[in-house]
Amino acid sequence: MSLKLAISDTCFIIDWAYYRRRSVLIEIFKTVLVPEQVLAEIEDEESISWVSAQLARGNMLLFTPSPADLRKAEKLILKIASKPFLKRVDLPEAICLVIGQRLNAIVLTENRGALLATKTLNDLKNVVVWRALEVLTEAITRKIIRVRSREDVERVFKEYEDDTKHIFPRSDLKHAINRVIKCLKL
Amino acid sequence: MPKAIEDKKLLEKIRREEEEFREIRRKYADWSFIEKQPPRIKAALKYYIETGDIRRACKIAGVSVSIFRKLLREANIPVVV
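Protein sequence lines correspond, in order, to chains A and B. Position one of the first sequence corresponds to residue 2 (my numbering), numbered consecutively onward. Position one of the second sequence corresponds to residue 525 (my numbering), numbered consecutively onward.
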């Protein structure tokens with residue numbers, strides 16, 4: 002069964018579009034929301050052609066934030082900027098966090114500012130943020146991507162790193178691999 | 525555990541991760557590619573290596589996030605989050 006809803010920011014989708022198994026995202030989620038402000042930032046051919054194809058098929062949904070969402074996002078940007086230990090976020094990520102919270106949607110991001118904000122700000126503690134690492138973990142544990150051994154699991158994460166020039170933090174990766182192995186009893 | 529100690533531990537973890545991620549970006553970067561770029565692009569790639577902040581780097585380079593991400597791939601600078 003697909004999870005219901007996710008909302009993607011720019012940094013996630015422009016990396017994910019380069020992944021050889023990018024279609025698994027559509028199998029995990031029933032709908033992936035793409036805010037207008039995110040779509041406006043996608044310019045490279047690989048990403049925009051994939052996203053527009055998903056919009057055409059109804060797997061992704063172009064989302065227009067309400068004026069109230071935008072006001073809340075602007076307040077969030079200022080709040081995060083006022084905390085010296087956090088990394089700044091900009092409007093597209095802030096919109097994703099605000100809408101993710103309002104609609105109970107999983108926020109897909111590779112933005113460290115957005116990730117740290119949900120870990121440290123009490124009013125964002127209920128927002129669920131997934132990086133590609135968590136998306137792949139979900140895809141493997143739900144057998145959307147089939148694996149038979151630890152080596153297979155490691156290969157899935159490595160493929161993503163190779164395709165997108167991404168490096169998962171080693172401790173997070175180890176934790177994800179162990180979680181998958183335990184869950185699938187490999 | 526008292527909240528102040530928890531916060532201190534979290535901040536220390538964030539600081540350590542920042543340093544680890546910066547080292548990874550420095551290590552993998554194709555420095556000869558970076559040095560051959562026009563001044564704004566070169567400065568932006570170096571800024572990204574130090575901070576991991578793609579949006580400010582884009583402003584320095586004068587290109588969109590999407591185009592800058594392609595430049596990062598060409599310069600072999602990994603995204604670590």
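All C-beta atoms in this analysis are idealised placements derived from N, C-alpha and C, irrespective of residue type, glycine included.
Checklist entry - Exposed or buried, residue 586(B), counting other C-beta atoms within 10 Å across all chains shown (16 or more means buried)? => result exposed
Checklist entry - What are the boundary residues of the beta strand (DSSP E) that residue 31(A) is part of? => result 30-36
Next on the checklist: The alpha helix (DSSP H) that contains residue 186(A), what's its start and end?
Outcome noted: Residue 186(A) -> no alpha helix (DSSP H), and no H or E assigned at all.
Checklist entry - Is DSSP giving residue 560(B) helix, strand or coil here? => result Reduced to three states, the DSSP call for residue 560(B) is coil.
Next on the checklist: On the DSSP letters alone, give me the boundaries of the beta strand (DSSP E) that residue 9(A) sits inside.
Outcome noted: 4-9
Checklist entry - Where does residue 189(A) fall in DSSP's three states? => result Past the edges of chain A, shown from 2 to 187, lies residue 189(A), and the structure says nothing about it.
Item to check | Rounded Cβ spacing between residue 157(A) and residue 141(A) (contact assumed at less than 8 angstroms) | outcome: That belief holds up - the Cβ atoms of residue 157(A) and residue 141(A) are roughly 6 angstroms apart, short of 8 angstroms.
Item to check | Inter-residue spacing [alpha-carbon to alpha-carbon] between residue 540(B) and residue 47(A) | outcome: 34 angstroms
Item to check | Alpha-carbon to alpha-carbon, residue 584(B) and residue 554(B) | outcome: A direct Cα-Cα distance of roughly 19 angstroms separates residue 554(B) from residue 584(B).
Checklist entry - From which residue to which residue does the alpha helix (DSSP H) around residue 589(B) run? => result 589-598
Next on the checklist: Does the stretch 132-146 of chain A come into contact with the stretch 43-61 of chain A, if we say contact requires no fewer than three beta-carbon pairs (one atom in each stretch) closer than 8 angstroms?
Outcome noted: no
Next on the checklist: For residue 556(B), would you say it is in contact with chain A, using Cβ-to-Cβ distances shorter than 8 angstroms as the test?
Outcome noted: no
Checklist entry - Exposed or buried, which one is residue 124(A) when buried takes at least 16 other CB atoms within 10 Å? => result exposed
Next on the checklist: Looking at residue 118(A): is its Cβ nearer than 8 angstroms to the Cβ of residue 87(A)?
Outcome noted: Cβ atoms of residue 118(A) and residue 87(A): closer than 8 angstroms.
Checklist entry - In chain order, what residues of the same chain lie with their CB nearer than 6 angstroms to the CB of residue 569(B), ignoring the 5 residues before and after it? => result Hits under 6 angstroms: 558, 599.
Checklist entry - Name the residues in the stretch 570-583 of chain B whose C-beta lies less than 7 angstroms from a C-beta of chain A; which are they? => result 576, 577, 578, 579
Item to check | Rounded straight-line distance, which links the Cα of residue 38(A) to that of residue 160(A) | outcome: 29 angstroms
Item to check | Residue range of the unbroken alpha helix (DSSP H) whose run includes residue 99(A) | outcome: Per DSSP, residue 99(A) belongs to the alpha helix (DSSP H) from 92-104.
Item to check | Coil, strand or helix - residue 64(A) by DSSP | outcome: It is a strand residue.
Next on the checklist: As a quick exercise: from 574(B), 530(B), 578(B), pick the residue whose alpha carbon is nearest that of residue 90(A).
Outcome noted: 578(B)
Checklist entry - Looking only at its own chain, which residues have a Cβ that is under 7 angstroms from the Cβ of residue 73(A), when we skip the five neighbours before and after it? => result 99
Next on the checklist: Less than 8 angstroms between the C-beta atoms of residue 589(B) and residue 12(A), yes or no?
Outcome noted: For residue 589(B) and residue 12(A), yes; Cβs fall inside 8 angstroms.
Checklist entry - How many Å lie between residue 42(A) and residue 110(A) at the Cα? => result 14 angstroms
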